[in-house]
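**Student:** 805 is the number of the first residue of the sequence shown in our numbering; add one for each residue after it.
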Amino acid sequence: MKLSRITLVLVALVVFDALLIVSGVMSALATLLTISIVGFGIFQLSRMILRKSHVIWRLRNRLMVTYLFIGAVPIVLILALAYCGAWIVVGQVATYLVGSELQRRAAVLENPARFLSRSKPVERPEMVRQLAPLMRDREPGLQILVTGDQTFRYPENNNVDAPPDGWRDFTGIVYKGGRFYCMSFVRGTAAQALVLVPLAPDLLANLVPGIGALNLSNHSAPGSSLNGRLSGSVPPAYNAFDSEFIWYNPVEVAEWSHPNTRENAELAVITRPSAVLAVVFGGSVEFAQITLVAFVVIAALLAVVELFSVLIGVTMTRTITGAVHNLYEGTLRIGRGDFSHRIPVKGNDQLAALGTSFNQMSRQLEVLLAVAREKERLQSELAIASEVQNQLFPRRAPPTRTIQLLGACEPARSVSGDYYDYLCLPNGSLAFAIGDVAGKGISAALLMASIQSIMRTQLAAGVPMAATVGTAAGRPVPHFSTASVVAQLNRQLYENTSPEKYATFFFGLYDENSRILTYTNAGHLSPLLICEGNVQPLEVTGTVVGIFPAVSYEEKTIPFHRGDMLIAYTDGITEPENAYGEEFGADRLAECVLRNQNREPGEIVAKVMESVKQWSGAPELPDDMTVLIAKGNA
């Protein structure tokens, strides 16, 4: 009920506004009422849409609302723009005409002032007598003051003061004693001349005859407007569309008491379009009729174009809504998991292309779903592989008397291609190894598992041996050869893996009784031996394993005293780069170990890992990091 009352009031206001427009009475009120009705109507329509959002849920209703805004709102905006444009143009032209005439009136005073400043005292009365009749009508209230060699005034009884010191030559509008003047001040060699004409209301009213009502005021000086009233009057309206306009424009004026300064006064003009056109076209307003006719023609053409656009839009609504409905049904089917659903496609326009794209998306979703399932299965298998690989690494160091041994590996991915291992041999020696398989991921992890299996099989079987030395309980004790072990590993890898698969490998044997370390380095990064604070890299004794079928390897023997430390590592420790592209390097690794050499092997490994990560600063490891530390007991 409330909405219907508002509608009745709105209809009544529309009828009243139409009557005002047709009758031509109170056109300003009619314009204001029209703008108010349009704004109120848009407000009520928006409230209704917000309260009943289900009304525009359907695409067809939304398109109808769109056509309404496309067809009606632009016309209202164009009319408002035309009104504002006319207001701006008419006001700006009117103030320009008045301001230009003010400046011209001031410029007329410059030549008399210049002649008087250069003339002799005896010549000035005659010059003024000749100029006075010419300027009396156009410059009422003319006042002249010449000072310097002799003081001269016109009229003789004027009380004009000489300008304050500091004034240079000036021609324009000046504000003096609460009033505005046209002023020209010229300094000669022997005298200076001042010509003033007060801007009285009558003078302003006749500046541009017929332009309208004028007023000139200075905001910095309250009460400076011309007697607080308008000069002149607004011409009568030519027709119902000939509304009054008021416009303000700044006019540059000088301050009498502040020489050579400028500030803006405000020129106000109240006029009509017909008055401005009459001034511009020499008193004729016929051009105004031509302008209005042209405006009506253009408005009619715009209305026809808008109507044609709405009709085209309505005819295309069914096509658009039909295609959208098919897409909506298709998304519901896809949402229920029916990725085999396809929507019908008709024609070859963009809507048909959209339907084709939707069908392609459905097919791709089917493929992606299958890929996702396969990826989930692989991730599960990868997790199992990672767990299995963790079981392959030694869980704890073997019991030893003269050495502490500890290794750690942090894979860059779920599984690692790095290898380390250590175990006790039947002869009482301690075997340990570290390696780096070429590549990453599952294939590298499988090769790492193969290396561990081969090594443990060889060592458990007790072959190969370089010699049999000593006895234990009446039986010979085997002495393992590191070179023979690595050579046998190379042959088996070459025979059982693809040609591109290889690994670097370091293998060492430590005899606790003699504290002798025997090792073979097959292309691996040189381990660092720290003895009494000195760092010595262990040399490489052969090439990588798995590339060539028959390779001979050498073995080296070094003493391993109390307090000595051996650090074996992979390239994931030394090759990470910082933000400047610098590698961590073996030197920084040695410095880190030396700083922490009095700690336990587990703490040293943790410090090394932490230092590499801080150096890289990367959120993910670029490569597998593996460290193996052997430390002689004191």
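By construction, the Cβ of each residue, glycine as well, lies at the ideal position given by its N, Cα and C atoms.
Contact check, N1068 vs V1084 under 8 Å by CB: the rounded distance?
**Tutor:** As a first step, residue 1068 is located in the sequence shown; it is residue number 264 there, counting from the start. As a first step, residue 1084 is located in the sequence shown; it is residue number 280 there, counting from the start. Incorrect: roughly 26 Å between the Cβ atoms, too far for contact.
**Student:** Going by the DSSP bridge assignment, what does S1247 pair with across the sheet?
**Tutor:** The residue you call residue 1247 lines up with position 443 of the sequence shown. DSSP lists no partner for S1247.
**Student:** Determine the DSSP secondary structure at A1058, reduced to helix, strand or coil.
**Tutor:** Working through the sequence shown from its first residue, we reach residue 1058 at position 254. Residue state, collapsed to three classes: strand.
**Student:** Which ranges does the beta strand (DSSP E) cover as unbroken runs of at least 3 residues, wholly within the region 974-1006, from first to last along the chain?
**Tutor:** Taking only runs of at least 3 residues, the beta strand (DSSP E) segments lying wholly in the region 974-1006 are 974-980, 983-991 and 995-1002.
**Student:** Helix, strand or coil for D1427 per DSSP?
**Tutor:** Mapped onto the sequence shown, residue 1427 falls at position 623. It is coil, neither helix nor strand.
**Student:** For S857, which of helix, strand or coil comes out of DSSP?
**Tutor:** The residue labelled residue 857 in the question sits at position 53 within the sequence shown. Note that S857 scores a pLDDT of 49, beneath 50, so its modelled location is shaky; the value from the coordinates is reported in the next line. In this structure, S857 counts as helix in the three-state DSSP scheme.
**Student:** Between which two residues does the alpha helix (DSSP H) holding K924 run?
**Tutor:** Along the sequence shown, read from residue 1 onward, the residue named residue 924 stands at position 120. Here K924 belongs to no alpha helix (DSSP H), and DSSP marks it neither H nor E.
**Student:** Beta-carbon separation of A1235 and G1346 under 9 Å?
**Tutor:** Sequence index remark: in the sequence shown, residue 1235 carries index 431 (1-based). Sequence index remark: in the sequence shown, residue 1346 carries index 542 (1-based). No, they are not a contact pair.
**Student:** What is the DSSP secondary structure of G1014, counted as helix, strand or coil?
**Tutor:** Sequence index remark: in the sequence shown, residue 1014 carries index 210 (1-based). Three-state DSSP puts G1014 in coil, outside helix and strand.
**Student:** Can you list the beta strand (DSSP E) stretches of 3 or more residues lying completely in the region 1297-1321, in chain order?
**Tutor:** Runs found: 1307-1315.
**Student:** Mind checking D1428: buried by the 16 CB within 10 Å criterion, or exposed?
**Tutor:** Against the sequence shown, residue 1428 aligns to sequence position 624. It is buried - the Cβ of D1428 has at least 16 other Cβ atoms within 10 Å.
**Student:** Please confirm if the region 1310-1325 is in contact with the region 1380-1397, defined as three or more CB-CB distances below 8 Å between the two stretches.
**Tutor:** Counting Cβ pairs under 8 Å, fewer than three are found: no touch.
**Student:** Output the boundary residues of the beta strand (DSSP E) element that contains T1361.
**Tutor:** The count along the sequence shown starts at 1 and reaches residue 1361 at position 557. Residues K1360 to P1363.
**Student:** Can you tell me whether C1522 is buried or exposed, with buried defined as 16 or more other CB within 10 angstroms of its CB?
**Tutor:** Summary: the structure shown does not reach residue 1522, with the chain confined to residues 805 through 1438, and so no result is reported for it.
**Student:** Among Q1418, V999 and G1211, which residue has its Cα nearest to the Cα of R957?
**Tutor:** Position 153 of the sequence shown, counted from the first residue, corresponds to residue 957. For R957, the nearest C-alpha among the options comes from V999.
**Student:** Of all the options G1232, Q1262 and H1328, which has the alpha carbon lying nearest to the alpha carbon of Y1314?
**Tutor:** In the sequence shown, counting from the first residue as 1, residue 1314 sits at position 510. Checked all of G1232, Q1262 and H1328; the closest Cα to Y1314 is G1232.
**Student:** Counting along the chain, where does the alpha helix (DSSP H) carrying G1507 start and finish?
**Tutor:** This structure does not reach residue 1507, given that the chain is present from 805 up to 1438, and the question cannot be answered.
**Student:** In terms of residue numbering, what span does the alpha helix (DSSP H) encompassing G1389 cover?
**Tutor:** The count along the sequence shown starts at 1 and reaches residue 1389 at position 585. Here the alpha helix (DSSP H) through G1389 covers G1389 to R1399.
**Student:** Can the beta-carbon of Q1262 be found closer than 9 Å to that of L1293?
**Tutor:** Position 458 of the sequence shown, counting from 1, holds the residue named residue 1262. Position 489 of the sequence shown, counting from 1, holds the residue named residue 1293. In contact: Q1262 and L1293 (Cβ atoms closer than 9 Å).
**Student:** Could you give the distance in angstroms between the alpha-carbon of A1017 and the alpha-carbon of D1006?
**Tutor:** Along the sequence shown, read from residue 1 onward, the residue named residue 1017 stands at position 213. Along the sequence shown, read from residue 1 onward, the residue named residue 1006 stands at position 202. Distance between the alpha carbons of A1017 and D1006 is about 11 Å.
**Student:** So, P1198 versus D1240, is the Cβ gap smaller than 9 Å?
**Tutor:** Indexing the sequence shown from 1 puts residue 1198 at position 394. Indexing the sequence shown from 1 puts residue 1240 at position 436. For P1198 and D1240, no; Cβs fall outside 9 Å.
**Student:** Would you check if the distance between the CB atom of V1073 and the CB atom of G895 is smaller than 9 Å?
**Tutor:** To locate residue 1073, count along the sequence shown from 1; it is residue 269. To locate residue 895, count along the sequence shown from 1; it is residue 91. The answer is yes: Cβ separation under 9 Å.
**Student:** Suppose the cutoff is 8 Å on Cβ atoms and the five residues either side in sequence are ignored; what does the same chain contact list for L823 look like?
**Tutor:** One-based indexing of the sequence shown puts residue 823 at position 19. Excluding residues within five positions, none has a Cβ falling inside 8 Å.
**Student:** Taking its Cβ as the centre, do 16 or more other Cβ atoms sit within 10 Å of D1142, making it buried, or is it exposed?
**Tutor:** Reading the sequence shown from its first residue, position 338 is the one you call residue 1142. Answer is exposed; the Cβ neighbour count stays below 16.
**Student:** Can you list, in chain order, the residues of its chain whose CB lies under 7 Å from that of P916, leaving out five sequence neighbours each side?
**Tutor:** As a position in the sequence shown, residue 916 is number 112, starting the count at 1. Hits under 7 Å: L935 and V999.
**Student:** Cα separation between L1425 and E1304?
**Tutor:** Within the sequence shown, the letter at position 621 stands for residue 1425. Within the sequence shown, the letter at position 500 stands for residue 1304. If you take the alpha carbons of L1425 and E1304, they lie about 24 Å apart.
**Student:** So does the region 919-927 actually touch the region 965-972, counting three or more Cβ pairs closer than 8 Å?
**Tutor:** No contact exists between the region 919-927 and the region 965-972.
**Student:** Cα-Cα, which of L1172, I879 and G1134 is closest to L1111?
**Tutor:** Your numbering for residue 1111 matches position 307 in the sequence shown. Looking at the Cα atoms, I879 is the closest of the given residues.
**Student:** For I1408, report the span of its alpha helix (DSSP H) as first-last.
**Tutor:** Reading the sequence shown from its first residue, position 604 is the one you call residue 1408. P1405 to S1420 is the span of the alpha helix (DSSP H), which, as asked, contains I1408.
**Student:** Opposite K1435 in the DSSP bridges: which residues?
**Tutor:** Taking the first residue of the sequence shown as 1, we reach residue 1435 at position 631. DSSP lists Q1208 and M1369 as partners of K1435.
**Student:** What separation, rounded to the nearest whole angstrom, lies between the Cα atoms of M1259 and V1289?
**Tutor:** For this step, residue 1259 is matched to residue 455 along the sequence shown. For this step, residue 1289 is matched to residue 485 along the sequence shown. Using only the alpha carbons, I get a separation of about 8 Å.
**Student:** Under 6 Å Cβ to Cβ from S1415, same chain only, skipping five residues before and after it: list those, please.
**Tutor:** The residue labelled residue 1415 in the question sits at position 611 within the sequence shown. So the list reads C1396, once near-sequence residues are dropped.
**Student:** Helix, strand or coil: how does DSSP classify N1325 here?
**Tutor:** In the sequence shown, the residue the question calls residue 1325 occupies position 521. N1325: strand per DSSP, three-state reduction.
**Student:** Taking the straight line between their C-alpha atoms, what separation do you get for L1333 and G1221?
**Tutor:** As a position in the sequence shown, residue 1333 is number 529, starting the count at 1. As a position in the sequence shown, residue 1221 is number 417, starting the count at 1. Approximately 25 Å between the Cα atoms of the pair.
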